[in-house]
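Protein chains in written order, with our numbering: chain A, 20 to 346; chain B, 933 to 1184. We treat Cβ as the ideally placed atom computed from N, Cα and C, and that holds for glycine.
(1) Go ahead and pull the three-state DSSP assignment for residue 342/A.
(2) Could I get the ranges of all uninterrupted alpha helix (DSSP H) runs contained in the stretch 969-1028 of chain B, with 4 residues as the minimum, in chain order?
(3) Quick one: what does DSSP say residue 1108/B is sitting in, helix, strand or coil?
(4) With H, G and I counted as helix, E and B as strand and the rest as coil, what does DSSP make of residue 938/B?
(5) With a cut-off of 8 Å, do at least 3 Cβ pairs link the stretch 270-288 of chain A to the stretch 123-142 of chain A?
(6) Could you please tell me which residues of the stretch 1024-1043 of chain B, in chain order, have their CB closer than 9 Å to any CB of chain A?
(7) Which residues in chain E have a C-beta closer than 7 Å to the C-beta of residue 211/A? List them in chain order.
(8) Any chance the stretch 305-312 of chain A sits against the stretch 118-133 of chain A, with 3 or more Cβ pairs inside 8 Å?
(9) Residue 232/A by DSSP, collapsed to three states: which one?
(10) What are the boundary residues of the alpha helix (DSSP H) that residue 1245/B is part of?
(11) Find the nearest neighbour of residue 158/A within the set 72/A, 265/A and 172/A, judged by alpha-carbon distance.
(12) My understanding is that residue 300/A touches residue 314/A, with C-beta atoms under 8 Å, so please give their C-beta distance in whole angstroms.
(13) Could you give the residue range of the alpha helix (DSSP H) that holds residue 932/B?
(14) Taking only beta-carbon atoms, is residue 207/A less than 8 Å away from chain B?
(15) Assess, as a yes-or-no matter, whether the stretch 79-90 of chain A is touched by the stretch 219-228 of chain A under the definition of 3 or more beta carbon pairs within less than 8 Å.
(16) So, with DSSP's three-state summary, where would you put residue 945/B?
(17) Are residue 1100/B and residue 1032/B closer than 8 Å when you measure CB to CB?
(18) With a threshold of 8 Å on Cβ separation, who are the neighbours of residue 64/A within its own chain once the five nearest residues in sequence on each side are excluded?
(19) Can you name the residues that DSSP bridges to residue 1153/B?
(20) Pairing CB atoms from the stretch 975-990 of chain B with CB atoms from the stretch 934-952 of chain B, are three or more of them under 8 Å?
(21) Measuring straight from C-alpha to C-alpha, what distance separates residue 210/A and residue 165/A?
(22) Measure from the alpha carbon of residue 138/A to the alpha carbon of each residue in 154/A, 39/A and 234/A, then state which is nearest.
(23) Please decide whether residue 214/A counts as near chain B, where near means a Cβ-Cβ distance under 8 Å.
(24) For chain B, is any of its Cβ atoms less than 8 Å away from the one on residue 248/A?
(25) Do you know whose CA, among 945/B, 1138/B and 1006/B, lies nearest residue 990/B's CA?
(26) Between 1045/B, 969/B, 963/B and 962/B, which has its C-alpha nearest residue 1110/B's C-alpha?
(27) Note down, in chain order, every chain B residue with its Cβ under 7 Å from the Cβ of residue 312/A.
(28) With respect to the beta strand (DSSP E) encompassing residue 1138/B, which residues constitute its N-terminal and C-terminal limits?
(29) Could you say which of 319/A, 30/A, 269/A and 163/A lies nearest to residue 154/A if we only look at CA atoms?
(30) Mapping the DSSP letters down to three states, classify residue 1050/B as helix, strand or coil.
(31) Where residue 1152/B and residue 965/B are concerned, what is the direct C-alpha to C-alpha distance, given to the nearest angstrom?
(32) Whether or not the stretch 1124-1143 of chain B and the stretch 1088-1108 of chain B are in contact is what I'm after, with contact meaning three or more pairs of Cβ atoms, one per stretch, closer than 8 Å; do they touch?
(33) Residues of chain A with a CB under 8 Å from the CB of residue 1005/B: which are they?
(34) Of the residues 1175/B, 1171/B, 1049/B and 1176/B, which one's Cα is nearest the Cα of residue 206/A?
(35) Note down, one range per segment and in chain order, each alpha helix (DSSP H) of at least 4 residues found wholly within the stretch 81-162 of chain A.
(36) What is the DSSP secondary structure of residue 1165/B, reduced to helix, strand or coil?
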């Protein structure tokens, strides 16, 4: 019964997509003017940031089917790049955010070249390892990252002489970044490039036999997704004003993954819902803060069991990572 | 007749198993070329070697004037060789029309930047791909199903869609692997008709098929494999008279 009503709501949303998107944008734009509670606003900023991060993971996991479990590494690289260059050079924050995205992207290129030829589960393991290597490097490369002390004093971003320091400012900053990300991704997905990405997810052998250089497209896809993870990281550095290795443990990766899975892989809307639900839900139950990971774990289990395509997904999440190699 | 596709001493070993062993064959331009043989004869492995899906152990493959041995599949496709798969490999979670659109990948140029900027290159490519995709679907009588997900198609439709997708590549030569497997006689006739029509339009067709009626009826030349070894190559009449072929199929 409940499932039935849910299906109806989803169908209704799908029918009137544009209207709902428009409505959502309006609501999101008005929100910071209506909400006066700073704590709520702070959560709103984090929610949009997690939506950006899980969407960026979805580009890789959901559209091309590459199981990148170490996404947190690129988020960390973005955050640290922003913290390091903004505390050493006097650069506009927009440039810093862009550079951070590109640096994260560059690291993914170096990771992708030797590993993207591996299939399924092996790529997943490698990314997992890369996340730990990144965290340990941050902890130990003291001359660059100050190791366990983290980097404080990330300057307050400024634009046209205006200091962007309130929650409302950051809210609009992340709103714009997220909007750009979703718009660009939407356009890419609905082009020749996006089709090639999805075809790789569906059947890499068939994709290659259609003339798609699958390796090149997997690299491009990984670089695009991690670019936005780097941007998210840079935003986080400015928002928190401080970065430390504690923020970039593997739990974060699993959090992104849970958001994508719960919302629905391979859809733009999925990670938006998943990111929102899984950021807000733990806040509602924040008295159980230390059981947060249990919430994520239970959420993943429930979804995989009852609605494996995710709340908004049309595609079934493949439980089996080992693609069959048949002739 | 000019050769379009040929092999020289082609071998593929999986450990001790000789899946394809010293096979020489040649396909003439414009013909329908059949490959037959009992199960496990190495027919599909041969296809996989020809299209770069598998690397060869020994030997050479030629396409037109050049050698294509061990080229990766996407390069082989670019040269004008398209294929279908024995165990149907569609993009299951994509719509029928989208499946065909991917076939135009090599004939379009849109990159990520074009897509983000939504510039003229993107619009031209999308329009071209859309129109030509619809044409191909019309060709295989699937226009009414263009928005269905590939996974929801009937078996016969899946086979036809795979052919349509391969045609999008605009191949000079089309390799089809058991296109009539699991089809009823009526569907089989339709596929045979489609392949013969394509052949008339100038596409060389190489077909693996177990249905002897199909093979004997449509092929100009037939290659017979058994246990990875070539038994014979010739016209239907020649092959049917060959004692080794009879032995392979019927026993002594």
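Quick look at the numbers:
(1) Note that residue 342/A scores 44 on pLDDT, short of 50, meaning its location in the model is unreliable and no value can be drawn from it.
(2) DSSP runs (the alpha helix (DSSP H)) wholly in the stretch 969-1028 of chain B: 975-982 and 1005-1011.
(3) In the three-state reduction of the DSSP assignment, residue 1108/B falls in the strand class, which pools E and B.
(4) Residue 938/B carries a strand assignment under DSSP once its states are collapsed to helix, strand and coil.
(5) No, because fewer than three Cβ pairs between the stretch 270-288 of chain A and the stretch 123-142 of chain A fall closer than 8 Å, the two stretches do not touch.
(6) Of all residues in the stretch 1024-1043 of chain B, those with a C-beta nearer than 9 Å to a C-beta of chain A are 1024, 1025, 1026, 1030, 1031, 1033, 1034, 1035, 1036, 1037, 1038, 1039, 1040, 1041, 1042 and 1043, reading in chain order.
(7) Of the protein chains in this structure, namely A and B, none is chain E.
(8) Touching, no, given that fewer than three Cβ pairs across the two stretches are closer than 8 Å.
(9) The DSSP-derived three-state label of residue 232/A is coil.
(10) For residue 1245/B there is no data in the structure shown, the boundaries of chain B being 933 and 1184.
(11) Ranked by how close their Cα comes to the Cα of residue 158/A, the residues 72/A, 265/A and 172/A have 265/A in first place.
(12) Their Cβ separation, rounded to whole angstroms, is 6 Å, which keeps residue 300/A and residue 314/A in contact under 8 Å.
(13) Past the boundaries of the shown model lies residue 932/B; chain B is included only from 933 to 1184, so the question cannot be answered.
(14) Among the CB atoms of chain B, one or more fall inside 8 Å of the CB of residue 207/A.
(15) Yes, they touch.
(16) In this structure, residue 945/B counts as strand in the three-state DSSP scheme.
(17) Cβ distance < 8 Å, so residue 1100/B and residue 1032/B count as in contact.
(18) Taken in chain order, the residues that qualify are 186, 189, 190, 193 and 258.
(19) 965/B.
(20) Remark: three or more beta-carbon pairs, one from each stretch, lie closer than 8 Å, so the stretch 975-990 of chain B and the stretch 934-952 of chain B are flagged as touching.
(21) C-alpha of residue 210/A to C-alpha of residue 165/A: approximately 43 Å in a straight line.
(22) Of 154/A, 39/A and 234/A, the residue nearest in Cα terms is 234/A.
(23) Interface residue, yes.
(24) Output row for residue 248/A: interface = no.
(25) When only C-alpha atoms are compared, the closest one is 945/B.
(26) If we check each option's Cα against that of residue 1110/B, 969/B comes out closest.
(27) Chain B residues near residue 312/A: none, gap ~30 Å exceeds 7 Å.
(28) Looking at the DSSP string, the run of the beta strand (DSSP E) that includes residue 1138/B is 1136-1140.
(29) That would be 269/A, whose Cα lies nearest to the Cα of residue 154/A.
(30) Under the three-state reduction of DSSP, residue 1050/B is assigned to coil, being neither helix nor strand.
(31) Cα to Cα, residue 1152/B sits roughly 6 Å from residue 965/B.
(32) Verdict: yes, contact present.
(33) Ordered by position in chain A, the residues that pass the 8 Å Cβ test against residue 1005/B are 224, 227 and 228.
(34) The candidate whose alpha carbon is nearest that of residue 206/A is 1049/B.
(35) Listed in chain order, they are 91-107, 112-134 and 140-159.
(36) In the structure shown, residue 1165/B sits in a strand (DSSP, three-state: E or B).
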